[in-house]
Amino acid sequence: MHWAQALRKYLTPITESVLAGVIGLAIGAVIMLGYGYDPGAAYVSLFRGSFGSIFSWAESLANATPLILTALTFAIAMRGGLFNIGAEGQLYIGALAAVSVSLIHLPSPLHLIVALLAAMVAGMLWSLPVAILKLTRGVHEVISTIMFNWIAHFFAFYMIANVLTDPIRGEKTISIAETSRFARILPGSSLNYGIVVAVIAALLVLFLLWRTTAGFELRVAGHNPESAHYAGISRRKQVLRAFLIGGVLAGLAGAVQVMGRPPTYALVTGMSQVANLGFDGIAVAMIGRNHPIGIIFAAIFFGGLMVGGRIMQFSPGVPLELVRVIEGVIILALAVPELKRIFHFVRKRFSLRRQSHGS
Amino acid sequence: MRIFRNKVAVLLIALFALVAGPFLGTAVAGGKIALVTDLGGRGDLSFNDMGFKGADEAAAKFDLELVTIQSNSGTDYLPNLQNAARTGDFDIIVGVGFLLADAMAEVADQFPDQNFAIIDVTWLGKPNLMEIGYEENKGSALVGALGAMVAAHNGYDKIGAVLGIEIPVLYKFEAGYRYGMHWGNAKYAEVTGKKADVGLLWSYTGTFSDIAKGKAATEAMLAQGAGLVYNVAGPLGIGDLEAITEHLEAKGRSAGPPFMIGVDANQDWMGDGHRVLASMMKRVDFGVYSAVESVVNGTFEGGVIILGPNNGGIAMSGKQDLADFIDFGIGGGAISESDRGRITDNWVAMRAAVPGWIWDAVDELAAKIGSGEVVIPCGWCADTIDQIRADYPD
Numbered sequence: 050m051h052w053a054q055a056l057r058k059y060l061t062p063i064t065e066s067v068l069a070g071v072i073g074l075a076i077g078a079v080i081m082l083g084y085g086y087d088p089g090a091a092y093v094s095l096f097r098g099s100f101g102s103i104f105s106w107a108e109s110l111a112n113a114t115p116l117i118l119t120a121l122t123f124a125i126a127m128r129g130g131l132f133n134i135g136a137e138g139q140l141y142i143g144a145l146a147a148v149s150v151s152l153i154h155l156p157s158p159l160h161l162i163v164a165l166l167a168a169m170v171a172g173m174l175w176s177l178p179v180a181i182l183k184l185t186r187g188v189h190e191v192i193s194t195i196m197f198n199w200i201a202h203f204f205a206f207y208m209i210a211n212v213l214t215d216p217i218r219g220e221k222t223i224s225i226a227e228t229s230r231f232a233r234i235l236p237g238s239s240l241n242y243g244i245v246v247a248v249i250a251a252l253l254v255l256f257l258l259w260r261t262t263a264g265f266e267l268r269v270a271g272h273n274p275e276s277a278h279y280a281g282i283s284r285r286k287q288v289l290r291a292f293l294i295g296g297v298l299a300g301l302a303g304a305v306q307v308m309g310r311p312p313t314y315a316l317v318t319g320m321s322q323v324a325n326l327g328f329d330g331i332a333v334a335m336i337g338r339n340h341p342i343g344i345i346f347a348a349i350f351f352g353g354l355m356v357g358g359r360i361m362q363f364s365p366g367v368p369l370e371l372v373r374v375i376e377g378v379i380i381l382a383l384a385v386p387e388l389k390r391i392f393h394f395v396r397k398r399f400s401l402r403r404q405s406h407g408s
Numbered sequence: 008m009r010i011f012r013n014k015v016a017v018l019l020i021a022l023f024a025l026v027a028g029p030f031l032g033t034a035v036a037g038g039k040i041a042l043v044t045d046l047g048g049r050g051d052l053s054f055n056d057m058g059f060k061g062a063d064e065a066a067a068k069f070d071l072e073l074v075t076i077q078s079n080s081g082t083d084y085l086p087n088l089q090n091a092a093r094t095g096d097f098d099i100i101v102g103v104g105f106l107l108a109d110a111m112a113e114v115a116d117q118f119p120d121q122n123f124a125i126i127d128v129t130w131l132g133k134p135n136l137m138e139i140g141y142e143e144n145k146g147s148a149l150v151g152a153l154g155a156m157v158a159a160h161n162g163y164d165k166i167g168a169v170l171g172i173e174i175p176v177l178y179k180f181e182a183g184y185r186y187g188m189h190w191g192n193a194k195y196a197e198v199t200g201k202k203a204d205v206g207l208l209w210s211y212t213g214t215f216s217d218i219a220k221g222k223a224a225t226e227a228m229l230a231q232g233a234g235l236v237y238n239v240a241g242p243l244g245i246g247d248l249e250a251i252t253e254h255l256e257a258k259g260r261s262a263g264p265p266f267m268i269g270v271d272a273n274q275d276w277m278g279d280g281h282r283v284l285a286s287m288m289k290r291v292d293f294g295v296y297s298a299v300e301s302v303v304n305g306t307f308e309g310g311v312i313i314l315g316p317n318n319g320g321i322a323m324s325g326k327q328d329l330a331d332f333i334d335f336g337i338g339g340g341a342i343s344e345s346d347r348g349r350i351t352d353n354w355v356a357m358r359a360a361v362p363g364w365i366w367d368a369v370d371e372l373a374a375k376i377g378s379g380e381v382v383i384p385c386g387w388c389a390d391t392i393d394q395i396r397a398d399y400p401d
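For the record, the sequence lines run as chains Z and C. Numbers given in my numbering equal positions in the first sequence, counted from 1, plus 49. Numbers given in my numbering equal positions in the second sequence, counted from 1, plus 7.
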């Protein structure tokens, strides 16, 4: 009964997620009732706004594009048993690298490819010290990635205001050259061909994790470090793999955002068009169960939630602050199943380690 | 006095337009207007709240429904404007803030039959877009001159400016403030015969929303001996004032100096009426209101409108505005009605403590700016700010 097994394997998480989503929506409805807004009208706006028309679909997909990539950064580390929350900083560095490439002139497809490559390398290099600190000094990656996020944050501010600055408008960097931009898929919308890059990246990660030896080693190391060690799988190699591939993906996220997302095609002081995409990626990875295909759907859902949230401001007139609370509740509810699994896993590993120390 | 007289004239014109409007143009009672803001929303007691104030007043006056849309991130500007335009329901869509410029340029082309207006942007040139700019440099020169003279009078040798994100609009504030400070120094020496050498401490915080950064920057300036700090970052003024309040508390005092200088709104009522010496009022409310009014009157057209001291768009706060903005503060939930008397008394005492000749000097500068005798740098400062910093140094 192979097919029944396979069906159950996919049906359980989907049922869990749907249930969690319904609970999240219900809590959100209660909150809105408490503030005197009609939850029915609000949710109609939310869903019509996110997936009700071709334009809303386009906006949802545009929002999903960078989130797929930053979620993959988190997921690949998570699969290796590591908590990489450094996508945020690597994303800034990737975006800066992509902008820098517009300082030089190159013909059309080449310019775009060079910019993407530069962003990937920059993201990877930004991720490298974290791996080195972990391997040589035992610095926990949560601490070091948080610190590197802040370094990247202020470095980016400096670069925007002093080095890559637009000579006419001091608040932003020079714009990405026309030859290095992603074309729009649907004119008049924000959706651009950057999403193709994101989806290809997800498929490559899927292939890597489940169809290659390297991916197998990574998953074993994450699932059961003791048996991985026993099987002669190098921990050093897994840590480097998880962080460097993660850095490449996050760097790509930053590049895709500045090279594809209209209308500015530049980093603006405050970096509001890239800020938090790294952290949102963590939530997306949780909702998508740290699986590349799950992540694609989770990112589209997450992106849609943001787009629909805007429409809630129009029709029942829910203020943005409350919209964000509702979004947060729904996201949190959806992340609960995966969070539970991670806590369970950490506790099991902790108690195992205690046992082995005790004997 | 000149400013006051001009303001009366503007008020009369506005009043006439209000009364006559419905008979002159095609009134669209029962229509809808949309206000799209950048990341900041209500509650900054400054730039955005002034935008809302204008829209609220226009909506009430012309019986329109107001929909406000706040942006969650920089990627929201374009879709928020598009979503509003796509409904086709809005008589006008107003973007509040420089940061919406690129998105507005695109949306105005995409929806040529929709009326738009934008605050703080003056270079897009679209037939369906009213662009409203302000002469912040002129108002900033006035508070710069006032600041330098008051600081010197109180024995301080520095004044500060806490600025937001480094955008060309803010260069205008900085440039005017620098000019005013040098003018004030010269005037102080001329009147008192004592040398005044008040210098400038300035900091771009890179944010229009992180209040803590305003507080930190102000604390640093106070520690270096600043006699007052000019808030040029909307809500960060709340943090600036907190730093000043704590600085005074440590000395067992409540009233300044050191003072804050408010921005956009009249913020004189903040700090119990005696810690904000004056405000550089940039009437964003007036700009938004006029844009809506022009649509109601059928006189809307694309192009640039510059609001300044001569048409009531820019002014230094006076007593006539205080009562109005105490209402604004009460509306924002920052103070209550029972505070009104005390704030007004404190404010009167604070202003009376500044020698009369200083106020006269500020009026003199205002008159010279109005007549064109004094030219304040700069119109578009992005390419000249370095030169201005050299000409009017710290």
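Ideal Cβ placement from N, Cα and C applies to all residues, glycine included.
Cβ of L46(C) within 8 Å of any chain Z Cβ | Yes, because at least one Cβ of chain Z sits closer than 8 Å to the Cβ of L46(C).
Roughly how many angstroms lie between the CA atoms of V157(C) and L136(C), to the nearest whole one?
-> 42 Å
Which bits of chain A does E137(Z) rub up against, with CB to CB less than 9 Å?
-> Absent from the structure: chain A. Protein chains present are Z and C.
In DSSP terms, what M288(C) is bridged to | D271(C), A322(C)
With distances taken from CA atoms, which of E181(C), G319(C), L207(C) is nearest D164(C)?
-> Ranking the options by Cα distance to D164(C), first place goes to L207(C).
Three-state class that DSSP yields for W387(C) in the structure shown = coil
Could you check which residue in T119(Z), I153(Z), M127(Z) has the C-alpha nearest to that of G143(Z)?
-> With respect to the C-alpha of G143(Z), the residue from T119(Z), I153(Z), M127(Z) having the closest C-alpha is T119(Z).
Measure the C-alpha to C-alpha separation of V71(Z) and A270(Z) and round it to an integer number of angstroms.
-> Rounded to whole angstroms, V71(Z) to A270(Z) spans 35 Å at the Cα level.
Per-residue contacts from R359(Z) into chain C (C-beta, under 8 Å) = Ordered by position in chain C, the residues that pass the 8 Å Cβ test against R359(Z) are I76, N79, D83, P86, N87, N90.
List the residues that DSSP assigns as beta-bridge partners of G95(C).
-> G95(C) pairs with nothing; no bridge assigned.
Three-state secondary structure (DSSP) at V317(Z)?
-> strand
Inter-stretch contact (C-beta, 8 Å, three-pair minimum) for the segment 246–262 of chain Z and the segment 95–104 of chain Z = no
Please confirm if P119(C) has its CB atom under 8 Å from at least one CB of chain Z.
-> no
Would you give the residue range spanned by the beta strand (DSSP E) that M137(C) belongs to?
-> Segment 136–141, the beta strand (DSSP E) holding M137(C).
Entirely enclosed alpha helix (DSSP H) segments - the segment 60–102 of chain Z, minimum 4 residues = Entirely contained in the segment 60–102 of chain Z, the alpha helix (DSSP H) runs reaching 4 residues are, in chain order, 88–100.
Locate the alpha helix (DSSP H) running through S149(Z), then write down its first and last residues.
-> 136–149
Thinking just about the alpha-carbon of each residue, which of V295(C), G183(C), V198(C), I395(C) is nearest to the one in T44(C)?
-> T44(C) has its Cα closest to that of V295(C), out of V295(C), G183(C), V198(C), I395(C).
Can you tell me which of the three DSSP states S210(C) falls into?
-> strand
Is the Cβ-Cβ distance between R373(Z) and M308(Z) less than 8 Å?
-> no
T44(C), enclosing beta strand (DSSP E) - first and last residue = 39–44
Within chain Z, partners of P175(C) - CB distance below 7 Å | Ordered by position in chain Z, the residues that pass the 7 Å Cβ test against P175(C) are R218, G219.
Candidates M287(C), G305(C), A360(C), I342(C): which alpha carbon is nearest A373(C)'s?
-> M287(C)
Can we say the segment 107–123 of chain C touches the segment 142–160 of chain C, given the rule of at least three CB pairs closer than 8 Å?
-> no
Beta carbon of K289(C), beta carbon of E143(C): below 8 Å?
-> yes
In angstroms, rounded to a whole number, what distance separates the CA positions of A318(C) and Y141(C)?
-> In the sequence as presented, Ala is not what sits at residue 318(C); that position holds Asn. Taking the straight line from one Cα to the other gives about 10 Å.
Okay, do the segment 303–323 of chain Z and the segment 276–294 of chain Z touch, 3+ Cβ pairs below 8 Å being the bar?
-> no
Enumerate, from N- to C-terminal direction, the unbroken alpha helix (DSSP H) stretches of 4 or more residues contained entirely within the segment 311–373 of chain C.
-> 326–338, 347–359
Figure out for me which residue from W190(C), T94(C), F332(C), M111(C) has the closest Cα to the Cα of I376(C).
-> Closest option to I376(C), Cα to Cα, is W190(C).
Which residues mark the beginning and the end of the alpha helix (DSSP H) in which W118(C) is found?
-> The residue you asked about is not Trp; residue 118(C) is Phe in the sequence shown. Looking at the DSSP string, F118(C) is not in any alpha helix (DSSP H), and its letter there is neither H nor E.
For my contact list, A315(Z) and V333(Z) are in at a C-beta cut-off of 8 Å; report their separation, rounded to the angstrom.
-> Contact flag wrong, Cβ pair sits at about 25 Å.
In this structure, does DSSP put K194(C) in helix, strand or coil?
-> helix
Boundaries of the alpha helix (DSSP H) in which F204(Z) is found, first to last residue | 190–207
Which of helix, strand or coil does DSSP assign to L85(C)?
-> helix
Taking DSSP as the reference, what is the three-state secondary structure of K258(C)?
-> Coil, per DSSP.
Short Cβ contact (8 Å threshold) for A136(Z) with G352(Z) | no
DSSP three-state assignment for V26(C), whether helix, strand or coil | Residue placement at V26(C) is flagged as unreliable, the pLDDT there being 43, under the threshold of 50; a coordinate-derived value is accordingly withheld.
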